[in-house]
Amino acid sequence: MKDEVKLPLWLQFLLLFSFLFLLIEKIRARKHSKKVLSGPPKLPIIGNLHQLGPLAHRSLHQLSKKYGPVMLLQIGSVPTLVVSSADAARKILTTNDLDCCSRPLLAGAGRLSYNYLDVAFTPYGSYWREMRKICNHELFSAKRVQSFQFIREEEIGLMIESISQSSSSESPVNLTQKMMSLTMDLICRVAFGKSSKDRELDHNKLHELIHEALGIMGSFFASDFFPYVGWIIDRIRGLHGRIERVFQDLDLFYQMLIDDHLRTGRQKQEAEDIIDVLLQIKKYQTNTSLQITQDHIKGILMNILFAGVDTTSALVVWAMAELVRNPILMKKAQDEIRNCVAEKGRVSECDIHQFQYLKMVIKETLRLHPPGALLLPRECISQFNINGYSVCPKTHIQVNIWAIGRDPESWENPDQFNPERFMDSPIDFKGRNFELLPFGAGRRSCPGMNMGILNVELALANLLYHFDWKLPNALKAEDLNMEEAAGLTNYKKEALVLIPTKYH
C-alpha cells in the first residue's frame, strides 16, 4: 500500500484561508447586490413574448399569481414591469409618478398619433404639460361638460325612440350596435358640432375608419419589441401601408371639419364644440414657448374620437349584460330610477344625483370590466425603487387594472357581480383609490373622465327606466356569452341582443 501524500501544514492553512475568504466575499457580494425582480423564465431573442395570449391582461394576471404583483418580463428586447396590485399601483402612480410618466414610442399608436403630437401618446415634457392644461381647464372643465347637457339628452332621447319601435313588436335589439351609434353621435356633436347623421359625415365610413385605426393601434408591431429588425417584419406584413392609408383618411376628415369651422357665415351651434374652443385658443394664444397649430388640434380630436366612442359604449353594454344575468339586481336599479322619475316620462341629467344604486352598478361594472384592461403603457425616464427593487430607465410599465379589480386581497368574492359592495364604501374611480383605477391616476389620468361617466349614467338610466329587458330565444341568463374581444378596448366579444318591453 502506497504512502498517503500529505500537504505541508502551511499549504493546508493557505488553502483553508483562501476558501474562507472567497466564501465571505461571495456572501458580502450577495448582500450588497441589487435585488432582481422576479419574473417567468424567458427564451432567447423573444423573451416572454410567447407567454402572452390574445387577451394580454388575462395572461399577465395568471403569471402574477405565480411571480407576484410586481414582476419583470422581457418582451422581445424591451424590459417590461407589470403591476397587478393596488399597493404596487399606488407606488407607481403617486410616489414614483414623475419617474415613469412618459410614453414609449409605440409603432402603431405612435405613428398615428405622433404625426400630430397627440397628447395621449406624447412623451412627458413641456408640450405635454401645455396640452394637458388645455384639456383640463378648457376642453373638459366642469362648465364645459355641463354645456353639452342638451346634446346628451337629445341624442339619448333619439336612441330611446328607435328602441321603442322595436319594443312594440317585441323584436330583438342589438344593444351593442345601438350604443356604438349613440356614442358616435355624441362625440361627433360635442367635438365637431355635427351629428354622424349629417350629410357631410358618412356614418358607416367614419365607423369603419375608427375601427380600422383602433385595430392598427392594438396590433402587434415587431418594431416595438425588436427595434433593429422588427420594421422589416412590419413592412412585409403591410402594417406601414395600412398606417399611412388610415392616417391620410383621418387627416382629410379632420381638415374638412376645421375648414368648415373656419368658413365665414357658418351657422353657430347652441354651444361651442371642441373645435370652436381649440380654434379660439389658437387665435388668441399668448404662450410664446408653444404655438398651437392645426396639427395640434387634429391630435386632440384624434384623442377624443378614439378614447370616447368604444369605451363608453362598451361600459354600458357590460353593465346591461351583467344586469340581465342578475334580474334581482336589475329590478333594484329600475325601481330606484322609476320611483325617482315617477310620471315625468324621461330621465334628465338633473335626476342623476338621486340614483345611488345605479352609481354602484357602474362602479361594479368598472371593477369587473374596465374599458381599458391595461392602462396605456408608461416608460421609466429615471431610475427608481419599488419594494426594494431597482427599475431602470427605458423600462416599460404596464398597470393591469383588470387584475387589480379582481384581486382577492382587495375584494371579497372578486369574480362576483355585486354592486352592493360599494354601499357606504369610500372607494371611487377618480384615481384616489387604487383598488379601482379604470381612468388611471397621477399625471396620466384620463382628462375626459367626467364627460364619459355622465354619458354612461344618463344612457344606462334611460335604458333601465323606459324598458324591461329579456334575453331572446329562451336563452338562459347563465348561458349568456361574457367573453371579451381582443383589442385596445375591453368590449364584449359577442353583440348583446335583448328584447325590450316598453314600461308604462
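Position 364 (the sequence shown) corresponds to 364 in the UniProt record's numbering; numbering is contiguous. Glycine included, every Cβ here is placed at the ideal spot set by N, Cα and C.
Candidates the options: which alpha carbon is nearest residue i's?
i, options, result
"Leu463", "Pro426, Met449 and Lys331", "Lys331"
"His296", "Leu329, Val324, Ala314 and Asp251", "Asp251"
"Ala89", "Phe355, Ile401 and Leu239", "Ile401"
"Leu315", "Tyr491, Thr395, Leu105 and Pro500", "Tyr491"
"Thr501", "Pro172, Met360, Phe19 and His50", "Pro172"
"Glu484", "Met449, Cys392 and Pro370", "Pro370"
"His137", "Ser219, Thr122, Lys194 and Leu278", "Leu278"
"Asp99", "Pro426, Phe439, Ile386 and Lys363", "Ile386"
"Ala321", "Leu139, Gly238, Ala495 and Thr489", "Ala495"
"Gly442", "Ala403, Glu154, Arg132 and Glu161", "Arg132"
"Met180", "Thr311, Gln51, Thr264 and Leu262", "Thr311"
"Phe247", "Arg263, Leu73, Glu478 and Lys298", "Lys298"
"Leu139", "Lys91, Phe150, Asp276 and Ser167", "Asp276"
"Tyr503", "Glu170, Met184 and Lys205", "Glu170"
"Pro393", "Leu63, Pro227 and Asn96", "Asn96"
"Gly452", "Ala477, Asn204, Val309 and Trp411", "Val309"
What does the Cβ neighbour count give for residue i, buried or exposed, with the cut at 16 atoms within 10 Å?
i, result
"Val229", "exposed"
"Met423", "exposed"
"Arg245", "exposed"
"Asn339", "exposed"
"Ile236", "exposed"
"Pro41", "exposed"
"Gln356", "exposed"
"Ser126", "exposed"
"Pro44", "exposed"
"Pro408", "exposed"
"Glu435", "buried"
"Lys493", "exposed"
"Ser33", "Below a pLDDT of 50, predicted positions are generally treated as unreliable, and Ser33, at 44, falls in that range; no measurement from the model is reported."
"Ile328", "exposed"
"Gly238", "exposed"
"Gln334", "buried"
"Met302", "buried"
"Ala29", "In this prediction, Ala29 has a pLDDT of 48, which is less than 50 and means its spatial position is unreliable; what the coordinates show is noted afterwards. Looking at its Cβ environment, which holds fewer than 16 other Cβ atoms inside 10 Å, Ala29 is exposed."
"Ala403", "buried"
"Gly388", "exposed"
"Gly218", "exposed"
"Thr183", "buried"
"Ser162", "exposed"
Taking a contact to mean a Cβ-Cβ separation below 8 angstroms, would you say residue i touches residue j in this structure?
i, j, result
"Ile381", "Tyr124", "yes"
"Leu175", "Leu498", "yes"
"His57", "Ala319", "no"
"Glu130", "Leu290", "yes"
"Met210", "Arg242", "The residue you asked about is not Met; residue 210 is Ile in the sequence shown. Not closer than 8 angstroms, so no."
"Val190", "Phe148", "yes"
"Ile156", "Leu458", "yes"
"Phe225", "Gly76", "yes"
"Ser59", "Pro69", "no"
"Ile274", "Ile304", "yes"
"Pro438", "Cys135", "no"
"Arg406", "Cys101", "no"
"Arg378", "Arg152", "no"
"Asn455", "Leu186", "yes"
"Gly53", "Gln74", "no"
"Pro419", "Val361", "yes"
"Leu214", "Gly487", "yes"
"Leu16", "Met71", "no"
"Ala461", "Leu358", "yes"
For chain C, is any of its Cβ atoms less than 8 angstroms away from the one on residue i?
i, result
"Glu208", "Any reference to chain C falls outside this structure, which holds one protein chain only."
Runs of alpha helix (DSSP H) wholly within the segment 262-340 (minimum 4 residues, chain order)
274-283 and 294-325
Say whether the segment 467-479 touches the segment 133-147, bearing in mind that this needs 3 or more beta-carbon pairs closer than 8 angstroms, one atom from each stretch.
no
What ranges does the beta strand (DSSP E) occupy inside the segment 359-413, keeping only unbroken runs of at least 3 residues that lie completely in it?
384-386, 389-391 and 396-399
Quick check: the segment 336-354 against the segment 447-465, are at least 3 beta-carbon pairs closer than 8 angstroms?
yes
Indicate whether the contact test is met: 3 or more Cβ pairs, each with one atom in the segment 274-289 and one in the segment 415-434, closer than 8 angstroms.
no
Which ranges would you report for the alpha helix (DSSP H) in the segment 164-212 if only whole runs of at least 4 residues count?
175-187
When you compare the segment 382-392 with the segment 351-365, are there three or more beta-carbon pairs, one atom per stretch, that lie closer than 8 angstroms?
no
Runs of alpha helix (DSSP H) lying entirely within the segment 54-138, each at least 4 residues, in chain order
56-67, 86-90, 107-114 and 126-134
Check whether the segment 74-85 touches the segment 386-406, counting contact only when three or more Cβ pairs, one atom from each stretch, lie closer than 8 angstroms.
yes
Minimum length 4: unbroken alpha helix (DSSP H) runs contained in the segment 429-459:
none
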